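Sequential numbering of the sequence shown, starting at 26, is according to the working numbering. Glycine included, each C-beta is placed from N, C-alpha and C at the ideal position. Note that the structure is predicted; figures quoted are calculated from it, not measured. Here the structure comes first, spelled out in structure tokens, and everything after it is commentary.
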Amino acid sequence: GLTFEQSGCDFLFIDEAHDYKNLTRPSNSADLAVTNGSQRATDLEMKAKYLREKARALGAEQGMAHAPAKAIAFATGTPISNSLSEIWVMTKYLRPDLLHEAGLGRID
């Protein structure tokens, strides 16, 4: 079989992105924590991370080491349906660098 890495994919466009909101997120607050996230969400997070690293390496080769690594775009009609913590999840997929810069690598 062909692995994701072997596919040559360099960007993901995810429709119905709200289907990926159940990402595992440890937290000291029971209201924010999702201890058993979905496999679908975990898989997407791993793929997005891989593609960001790939884009970052390509950017460094091209002299653009400080540009955000663009690897994924979302489309959804309902990005936030149950909790404001879903904003954190969407940002973790799309721009985890912004969460890191703001000291929000963890949801709490």
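Assigned secondary structure, residue i (DSSP; H/G/I helix, E/B strand, else coil)
| i | result |
| --- | --- |
| L109 | coil |
| L37 | strand |
| A100 | strand |
| R65 | helix |
| R120 | coil |
| P50 | Looking at the sequence itself, residue 50 is Arg, so the reference to Pro does not match. Correct three-state label for R50: strand. |
Whole-number beta carbon distance between residue j and residue i, since they are thought to touch under 8 Å
| i | j | result |
| --- | --- | --- |
| L58 | A100 | Going by the sequence as given, residue 58 is Ala instead of Leu. Going by Cβ atoms, the distance from A58 to A100 rounds to 27 Å, so no, they are not a contact pair. |
| M115 | P104 | 6 Å |
| L37 | I97 | 5 Å |
With 16 other Cβ atoms within 10 Å as the buried cut-off, status of residue i
| i | result |
| --- | --- |
| L109 | exposed |
| R81 | buried |
| L179 | As shown, the chain starts at 26 and ends at 133. That puts residue 179 outside it, with no answer to give. |
| A127 | exposed |
| L123 | exposed |
| A66 | buried |
Among the options, nearest to residue i - alpha-carbon criterion
| i | options | result |
| --- | --- | --- |
| S63 | D44, D56, S52 and E111 | D44 |
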